[in-house]
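Numbering (the numbering used here), first residue to last: 7 to 227. Worksheet: one structure, shown below.
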């Protein structure tokens with residue numbers, strides 16, 4: 007990929023290089039965040055492409071010495087961060103039953119078609135390395151606009167499609183990490199067709215626990 011599609015990823019890479027050290031993840035139960043709530047919900051693209059899986063596995067192995075273990079989350083692209091599922095909303099970050107139902111209805115009504123994406127090389131946020139994802143046909147943007155009709159997303163940073171490789175286990179020198187990434191930094195893009203989106207949840211008590219699929223919506227057009 008080139009041109010304007012690369013600019014957001016290049017900005018993130020430049021920001022990473024501007025850091026002295028990575029941020030690290032504490033492997034603990036963040037009770038002050040979940041306040042006793044058990045699950046957290048996110049709409050995702052559950053990537054099941056063999057070529058993407060191979061790149062994901064290769065990249066994780068390449069960066070193994072920097073990554074927090076265990077990391078049991080399946081390869082996925084977050085589409086829309088929802089919050090804590092709840093029958094009725096008590097906190098600002100609750101994802102009430104009514105909002106979830108509206109998301110499902112809006113998707114069924116819109117009938118978005120399958121669309122292509124491309125998965126590129128390694129990049130990194132301060133706290134997590136990732137594979138770059140390019141929304142070459144605007145399909146991700148379309149889905150996010152559908153979700154946004156119902157509620158505002160829980161997000162602190164501008165949205166950038168990506169495929170998280172894991173979380174940093176310590177405060178590593180970013181120059182050393184970047185040097186290790188160099189081999190896979192400019193890997194050629196892997197094309198991938200998105201034909202479904204999934205509402206998933208994960209245990210709020212586990213920082214890197216697996217995703218559980220709650221709803222699957224096929225993209226039929």
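Glycine is no exception: its CB is placed at the ideal position from the N, C-alpha and C atoms. This structure is a prediction, so every number in the text was calculated from the model and none was measured.
Coil, strand or helix - residue i by DSSP
{"i": "residue 179", "result": "strand"}
{"i": "residue 29", "result": "coil"}
{"i": "residue 9", "result": "Note that residue 9 has pLDDT 43, beneath the 50 cutoff, so the model's placement of it is unreliable and no number is given."}
{"i": "residue 36", "result": "coil"}
{"i": "residue 108", "result": "helix"}
{"i": "residue 85", "result": "strand"}
{"i": "residue 225", "result": "coil"}
{"i": "residue 74", "result": "coil"}
{"i": "residue 52", "result": "strand"}
{"i": "residue 197", "result": "strand"}
{"i": "residue 96", "result": "coil"}
{"i": "residue 120", "result": "coil"}
Same chain only: Cβ atoms within 6 Å of residue i, ignoring 5 sequence neighbours per side
{"i": "residue 187", "result": "128"}
{"i": "residue 223", "result": "113 and 203"}
Nonlocal neighbours in the same chain, by C-beta distance under 7 Å from residue i, ignoring five residues either side
{"i": "residue 199", "result": "120 and 122"}
{"i": "residue 180", "result": "22, 23, 25, 26, 27 and 28"}
{"i": "residue 148", "result": "118"}
{"i": "residue 7", "result": "Because the pLDDT at residue 7 is just 49, under 50, the model does not fix this residue reliably, and the point stays unresolved."}
Alpha-carbon to alpha-carbon, residue j and residue i
{"i": "residue 104", "j": "residue 169", "result": "29 Å"}
{"i": "residue 15", "j": "residue 138", "result": "7 Å"}
{"i": "residue 163", "j": "residue 86", "result": "13 Å"}
{"i": "residue 76", "j": "residue 176", "result": "14 Å"}
{"i": "residue 221", "j": "residue 13", "result": "33 Å"}
{"i": "residue 65", "j": "residue 18", "result": "18 Å"}
{"i": "residue 59", "j": "residue 84", "result": "16 Å"}
{"i": "residue 116", "j": "residue 152", "result": "8 Å"}
Close-in-space but distant-in-sequence residues of the same chain around residue i (CB under 8 Å, 5 per side omitted)
{"i": "residue 99", "result": "89, 90 and 160"}
{"i": "residue 41", "result": "97"}
Residue burial classification, residue i (beta-carbon count within 10 angstroms, cutoff 16)
{"i": "residue 81", "result": "buried"}
{"i": "residue 61", "result": "buried"}
{"i": "residue 229", "result": "With the chain running from 7 to 227 in the structure shown, residue 229 is simply not present."}
{"i": "residue 219", "result": "exposed"}
{"i": "residue 9", "result": "Confidence is the limiting factor: at residue 9 the pLDDT is only 43, short of 50, which leaves the residue's position unreliable, though a coordinate-based value still follows. With fewer than 16 other Cβ atoms within 10 Å, it is exposed."}
{"i": "residue 189", "result": "exposed"}
{"i": "residue 216", "result": "exposed"}
{"i": "residue 182", "result": "exposed"}
{"i": "residue 130", "result": "buried"}
Within-9 Å CB hit, residue i to chain C
{"i": "residue 156", "result": "Included in the structure is just one protein chain, with no chain C present."}
Quiz item: Residue ranges of each beta strand (DSSP E) run of no fewer than 3 residues wholly in the region 124-183, ordered along the chain?
Solution: Counting only unbroken stretches of 3 or more residues, the beta strand (DSSP E) elements lying wholly within the region 124-183 are 135-140 and 168-170, in sequence order.
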